[in-house]
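Okay, structure first, notes after.
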Amino acid sequence: HLSKIQQATRSEFPRERANAILALAELGESDYEIPLMNMLRHPDSWMRTSGLWVLAQVDAPNLMYKAMELCSDNSPHVRVHALRAIGKKGTKEQAQQLTPWLNDSVSDVREAAHQAIRLKTGLDYQA
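Written out as structure tokens, the structure is:
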């Protein structure tokens, strides 16, 4: 079964790849971080988004810097998922750096930034 899961971590379908990586992590396989980083660096925005979804489900503090980087992605859905990942698995210090996204041009991004900051710091910037 493990080899099938590992094979699925290279799927061309973001959801299939994300679910396989999450399964590896849940099985305690430490090598899930390599395919996860490949997703976070992928040229396809939906692959990056799915990678961020995984990052929000697993304990990989050493990969959270990538979520911080992806907060500046050109694709709004990537920014939203990067902010959500930080809200779920990031540190208070990371969340304190998210205030610029409260002024993002996309309302979903602004809302995700607000939620992440509130979750990690207890501060509520919404009037």
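The opening residue of the sequence shown carries number 10 in my numbering; numbering runs sequentially from there.
Cβ atoms here follow ideal geometry from the backbone N, Cα and C, with glycine treated the same way.
Values in this document were obtained by computation on a predicted structure and should not be read as measured data.
Delimiting residues of the alpha helix (DSSP H) encompassing P23: Start and end: 23-35.
For V115, tell me which candidate among H86, A91, T130, L128 has the shortest Cα-Cα distance. Looking from the CA of V115, the closest CA among H86, A91, T130, L128 belongs to H86.
C-beta atoms of A94 and A76 nearer than 8 Å: A contact, by the Cβ cut-off of 8 Å.
Buried/exposed call for T58, threshold 16 Cβ in 10 Å: Counting Cβ neighbours within 10 Å, T58 comes out buried, since at least 16 surround it.
What does the alpha-carbon distance come out to for the pair H51 and E21? Distance from the CA atom of H51 to the CA atom of E21, rounded to whole angstroms, is 11 Å.
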